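**Q**
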Ligand SMILES: [Cu+2]
Ligand SMILES: [Cu+2]
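Chains as they are written, first to last, in my numbering: chain H, 15 to 355; chain P, 67 to 666.
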């Protein structure tokens, strides 16, 4: 059966409508690549591998979508009810049906094979010289330890550029997920399981991460940052973090230190003092961090005072309780903590 | 068949509240499923509106974190278990006997029991908002967050008990329906002449029969972990939270097909009727549906690609998941083949059916994208997945249900829903749905995680969140238009003839609405499209004999009573065990009464 000119022109029209829509979608789609937490601008080898596959899958998906939508639309307009037209009563067509069984078979094989190879590449072992980091999820913050380097910090992960990092993923309580879109896909932190993830960042800069598995009240507020440095900057950072806490200077800070090493010592560690608590983030170099409370607030005196005054008020559900500190105590504590560079 | 007295023509007794409470008529039960399902659908929609309002702007303050977590959890639970599933069950209840030429389902009282147990479970789950806080651990309730230590409130107990009760109801209904399909077809209706809707529901029933026991075990373990300090899922004592995930998804992946297959069946009925030609590739569509059901049990771990499954399981579950794209593709092509060469009459039912093809395809395609674990590692738990499931469940399941509603409304009520309002409803819903859910793909790609009650400005998420919220209000408006249409239509005089659409299936061989006994004379089936065959071969409808004796099962109080007992049993577990004891007594008493109840 030869298609009529009417059918051809309506098909072309449908194709045009679908293509224009797809093009508009593509513009918005592509624009997301410049957002801070984009999944489309990879800056590590791991993320590169995923991106290569992703691009291929997206193109195939786009072709299938344009095909199906165009034909559905075209059939709907071409075959709409017309007076006197009695449709032929066909029940099927074996040849066609075999053909369109093979089309999806071919598409999924085309997607599956490269997926398998990326799975094998990215789930294998990290190179031997990889930097070891232990990342632990807590309700609702991240701890980062560097075994052998004597560094423990929270919510901000520092890495050297162009060197593989092997992140061991643990959890202290419920399931969390470690995700820095520009550096890698996510892997869950499951209590009782040892998961890991490795990647090699190849660009310096600051990258945003966020917990990606629902983990309770403040799941939305469980964010973190990754700083990728030139190697010498990374070494300098390690040296400064490995040092004990700065002893307090000045009356205000001294008073603050006294409170911190008593009231706060059960939960927080401040190396070089007798505060060795394990429940909350290590505060030894809290002033060197850019944010407070797992990426919620910029780290400055004002925000820190607000935090100390009422943690659960600032961050719903916070495990750090309201300690009913008075304004004076808060001032002293802030003076002390803001010196812990 | 359960038999009882009741001769025809029957004296139409007055319908009272008791008629409904004691009915065992599949059409009345279907209607009750439909009305309850729709009410819960509205409630879940309301929850979604609050969610979208909260997320319209960064740092939204409409609700707080805990309330938000309850809302997204209850939105999913309500839509899935109290909205879409019962709406599918409503159609199936109403039309299963009618479409296979039977007078009722195999076990009419069991059917009523399924409904009352469902209603009890649904009310129990929903009442958690009033009593002690709704579940807030996500509909997946991952351990150990769901454990007593991290979720000390009553919410997760409501979740476990509510789902256990609802599961019992679904299991009873599924067995009942499957037996009905196998045993009660009209003469001449072989399995390969079953309407596609019935086939798809049969697959659904098998999915439920096989998957509900798994979640039942898991839920019982959860109850034990929470209340009796067992350690099935708690890592500190040697339990394994990943075990919960396996058990949950072995149930919950098939559950996704439980939600979508009924709508695939509905559009497979609607498309041929309004294209005025038979369904293209009937056998292929049926086998594809069965294949989807079978494969649906082999893919659950694709929900767990990021849990550290390991290389080989990732590859295996990628392969099985992608394999599902093949039968799904076959269906889509066959629906398009049905349109091809037709003479398409575009009424509202058909608008919904055709848009189903397009929207479901989009959801299917994004599904294939994250069937690839590396891609999934970037999309998992982001709004990209939210977009995907809503294209499948809204663009698929709900759009299909509306197609069925406009299509079958004259059969159920004798009245036609207004076409002008119907088209307004359709366009508002179609455009609103795309405005709401398409931007979520973009949000996911720019890294917005799911299940966050708040987000910061300048992450590039403001615009699309606002757009999605506007879309969701459009969806609400479309539902209002539908409700207006519904109530307005119900006030009109019934005008529908037996077969106003000139449809081929048996439910159109009886009056609209059908009499209580469904068919005056059980029809004989000579073809896959029986009414078209009869039409084309000049076969007249058999006139009923002047004197008829049709046995109908009598009404019974016991299903309602058992339903009440089961509800008390659940309420007792959540409050005071004395109530449980009372529930047990009522259940045992009613089973006793049920067994001895005269059915002649
Ligand atoms: Cu989280
Ligand atoms: Cu699934």
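We put the CB at the ideal spot given by N, CA and C, even for glycine. Keep in mind that this is a model prediction, so the values were computed, not measured.
Since residue 331 (chain H) meets chain P, which of its residues come closer than 8 Å, beta carbon to beta carbon?
**A** Walking along the first chain from the start, residue 331 (chain H) turns up at place 317. Here the neighbours are 131, 132.
**Q** Taking 7 Å as the CB-CB cut-off, is residue 344 (chain P) touching chain H?
**A** For the purposes of this step, residue 344 (chain P) is taken as the residue at position 278 of the second chain. Answer yes: the Cβ-Cβ gap between residue 344 (chain P) and chain H drops below 7 Å somewhere.
**Q** Would you mind reading off the limits of the alpha helix (DSSP H) that contains residue 110 (chain P)?
**A** For the purposes of this step, residue 110 (chain P) is taken as residue 44 along the second chain, with counting starting at 1. Where residue 110 (chain P) is concerned, the enclosing alpha helix (DSSP H) stretches over 92-121.
**Q** Could you check the C-alpha separation between residue 625 (chain P) and residue 661 (chain P) for me, to the nearest Å?
**A** In the second chain, residue 625 (chain P) corresponds to position 559, counting from 1. In the second chain, residue 661 (chain P) corresponds to position 595, counting from 1. C-alpha separation (whole angstroms): 12 Å.
**Q** Taking residue 190 (chain H) as part of the beta strand (DSSP E), name the residues at either end of that continuous run.
**A** Position 176 of the first chain, counted from the start, is the residue given in the question as residue 190 (chain H). That run of the beta strand (DSSP E) goes 190-194.
**Q** Using 8 Å as the threshold, is the stretch 119-133 of chain H in touch with the stretch 61-78 of chain H, meaning 3 or more CB pairs across them?
**A** Touching, per the Cβ criterion.
**Q** Can the beta-carbon of residue 407 (chain P) be found closer than 7 Å to that of residue 102 (chain H)?
**A** Along the second chain, one-based indexing puts residue 407 (chain P) at 341. Along the first chain, one-based indexing puts residue 102 (chain H) at 88. Contact: yes.
**Q** Am I right that residue 163 (chain P) and residue 92 (chain P) are in contact with their C-beta atoms under 8 Å? What's the rounded C-beta distance?
**A** Working through the second chain from its first residue, we reach residue 163 (chain P) at position 97. Working through the second chain from its first residue, we reach residue 92 (chain P) at position 26. With a Cβ gap of about 5 Å, residue 163 (chain P) and residue 92 (chain P) count as contacting.
**Q** Nearest-angstrom Cα distance between residue 158 (chain P) and residue 94 (chain P)?
**A** Here residue 158 (chain P) refers to the residue found at position 92 of the second chain. Here residue 94 (chain P) refers to the residue found at position 28 of the second chain. Going by the C-alpha atoms only, they are around 12 Å apart.
**Q** Of the residues P:576, P:242, P:647, P:558, which one's Cα is nearest the Cα of residue 566 (chain P)?
**A** In the second chain, the residue the question calls residue 566 (chain P) occupies position 500. When each option's Cα is compared against that of residue 566 (chain P), the closest is P:576.
**Q** Measure the C-alpha to C-alpha separation of residue 227 (chain P) and residue 633 (chain P) and round it to an integer number of angstroms.
**A** Taking the second chain and counting its residues from 1, one reaches residue 227 (chain P) at position 161. Taking the second chain and counting its residues from 1, one reaches residue 633 (chain P) at position 567. Straight-line Cα distance between these residues: approximately 10 Å.
**Q** For residue 190 (chain P), collect the residues of the same chain with a Cβ closer than 6 Å to its Cβ; drop the 5 residues on either side in sequence, then sort them by chain order.
**A** Residue 190 (chain P) sits at position 124 when you count from the first residue of the second chain. Cβ within range, chain order: 228, 636.
**Q** Determine, for residue 663 (chain P), whether the minimum Cβ-Cβ distance to residues of chain H falls below 7 Å.
**A** Sequence index remark: in the second chain, residue 663 (chain P) carries index 597 (1-based). So no, residue 663 (chain P) is outside the interface.
**Q** Cβ of residue 224 (chain P) within 7 Å of Cβ of residue 201 (chain P)?
**A** As a position in the second chain, residue 224 (chain P) is number 158, starting the count at 1. As a position in the second chain, residue 201 (chain P) is number 135, starting the count at 1. Yes, the pair counts as a contact, with Cβ atoms nearer than the cut-off.
**Q** Which residues in chain A sit within 8 Å of residue 398 (chain P), going by Cβ to Cβ distance?
**A** Of the protein chains in this structure, namely H and P, none is chain A.
**Q** Is residue 236 (chain H) a contact residue of ligand 1, with contact defined as CB to any heavy atom under 6 Å?
**A** Looking up residue 236 (chain H) in the first chain gives position 222. Checking the Cβ of residue 236 (chain H) against ligand 1 gives yes.
**Q** Would you mind sorting residue 98 (chain H) into buried or exposed? The rule is 16 or more other CB atoms within 10 Å of its CB.
**A** Sequence index remark: in the first chain, residue 98 (chain H) carries index 84 (1-based). Label assigned to residue 98 (chain H): exposed.
**Q** According to DSSP, is residue 207 (chain P) helix, strand or coil?
**A** Within the second chain, numbered from 1, the residue matching residue 207 (chain P) stands at position 141. Of the three classes helix, strand and coil, the one that applies to residue 207 (chain P) here is coil, per DSSP.
**Q** Residue 292 (chain H) touches chain P at which residues, Cβ-Cβ below 9 Å?
**A** Within the first chain, residue 292 (chain H) is the residue found at index 278, counting from 1. Ordered by position in chain P, no residue passes the 9 Å Cβ test against residue 292 (chain H), which lies about 16 Å from the chain.
**Q** Can you list, in chain order, the residues of its chain with a C-beta nearer than 7 Å to that of residue 533 (chain P)? Leave out the 5 residues immediately preceding and following it.
**A** If you number the second chain from 1, residue 533 (chain P) lands on position 467. Same-chain partners within the cutoff: 501, 505.
**Q** Below 8 Å on the Cβ atoms is my guess for residue 351 (chain H) versus residue 300 (chain H); work out the distance and round it to an integer in Å.
**A** Start at 1 with the first residue of the first chain, and residue 351 (chain H) comes out as number 337. Start at 1 with the first residue of the first chain, and residue 300 (chain H) comes out as number 286. Right, the Cβ-Cβ distance comes to about 5 Å (below 8 Å), so this counts as a contact.
**Q** Can you pull the chain P neighbours of residue 232 (chain H), defined as C-beta to C-beta under 7 Å?
**A** Numbered from 1 along the first chain, position 218 holds the residue referred to as residue 232 (chain H). Near residue 232 (chain H) (Cβ distances below 7 Å), the residues of chain P are 131.
**Q** For a cutoff of 7 Å on Cβ pairs, would you count residue 350 (chain P) as touching chain H?
**A** Against the second chain, residue 350 (chain P) aligns to sequence position 284. Yes, because at least one Cβ of chain H sits closer than 7 Å to the Cβ of residue 350 (chain P).
**Q** In this structure, does DSSP put residue 343 (chain P) in helix, strand or coil?
**A** In the second chain, the residue the question calls residue 343 (chain P) occupies position 277. It is coil, neither helix nor strand.
**Q** Give the C-beta separation of residue 295 (chain P) and residue 191 (chain H) to the nearest angstrom, bearing in mind that I take them to be a contact with Cβ-Cβ under 8 Å.
**A** Residue 295 (chain P) sits at position 229 when you count from the first residue of the second chain. Residue 191 (chain H) sits at position 177 when you count from the first residue of the first chain. That belief does not hold up - the Cβ atoms of residue 295 (chain P) and residue 191 (chain H) are roughly 28 Å apart, past 8 Å.
**Q** Helix, strand or coil for residue 447 (chain P), going by three-state DSSP, please let me know.
**A** Walking along the second chain from the start, residue 447 (chain P) turns up at place 381. Three-state result, residue 447 (chain P): coil.
**Q** Is any heavy atom of ligand 1 found at a distance shorter than 6 Å from the C-beta of residue 281 (chain H)?
**A** Against the first chain, residue 281 (chain H) aligns to sequence position 267. No; taking the cut-off as 6 Å, the Cβ of residue 281 (chain H) has no heavy atom of ligand 1 nearer than that.
**Q** To the nearest whole angstrom, what separates the beta carbons of residue 480 (chain P) and residue 562 (chain P), a pair I think is in contact under 8 Å?
**A** Residue numbering aside, residue 480 (chain P) sits at position 414 when the second chain is read from its first letter. Residue numbering aside, residue 562 (chain P) sits at position 496 when the second chain is read from its first letter. The Cβ separation is near 5 Å, so the contact holds.
**Q** Do residue 472 (chain P) and residue 488 (chain P) have their C-beta atoms closer together than 7 Å?
**A** Working through the second chain from its first residue, we reach residue 472 (chain P) at position 406. Working through the second chain from its first residue, we reach residue 488 (chain P) at position 422. Yes, Cβ-Cβ distance for residue 472 (chain P) and residue 488 (chain P) is below 7 Å.
**Q** Name the residue from P:403, P:263, P:499 whose alpha carbon lies nearest to the alpha carbon of residue 88 (chain H).
**A** What you label residue 88 (chain H) is simply residue 74 of the first chain in a count that begins at 1. Cα-wise, what sits closest to residue 88 (chain H) is P:403.
**Q** In three-state terms, what does DSSP make of residue 149 (chain H)?
**A** To locate residue 149 (chain H), count along the first chain from 1; it is residue 135. It is a strand residue.
**Q** Closer than 6 Å to a non-hydrogen atom of ligand 1 - does that hold for the CB of residue 229 (chain H)?
**A** Counted from its first residue, the first chain places residue 229 (chain H) at position 215. Correct: residue 229 (chain H) has its Cβ closer than 6 Å to ligand 1.
**Q** Just the chain P side, please: which residues come within less than 8 Å of residue 272 (chain H) by C-beta, in chain order?
**A** By 1-based counting over the first chain, the position of residue 272 (chain H) is 258. Per Cβ cutoff of 8 Å: no residues; residue 272 (chain H) is ~34 Å from chain P at best.
**Q** For residue 223 (chain H), report the span of its beta strand (DSSP E) as first-last.
**A** Numbered from its first residue, the first chain carries residue 223 (chain H) at position 209. Its beta strand (DSSP E) spans residues 219-224.
**Q** Would you check if the distance between the CB atom of residue 332 (chain P) and the CB atom of residue 263 (chain P) is smaller than 7 Å?
**A** Walking along the second chain from the start, residue 332 (chain P) turns up at place 266. Walking along the second chain from the start, residue 263 (chain P) turns up at place 197. Taking 7 Å as the Cβ cut-off, residue 332 (chain P) and residue 263 (chain P) qualify as a contacting pair.
**Q** Does the distance between the C-beta of residue 319 (chain P) and the nearest non-hydrogen atom of ligand 2 fall short of 6 Å?
**A** Sequence index remark: in the second chain, residue 319 (chain P) carries index 253 (1-based). Checking the Cβ of residue 319 (chain P) against ligand 2 gives yes.
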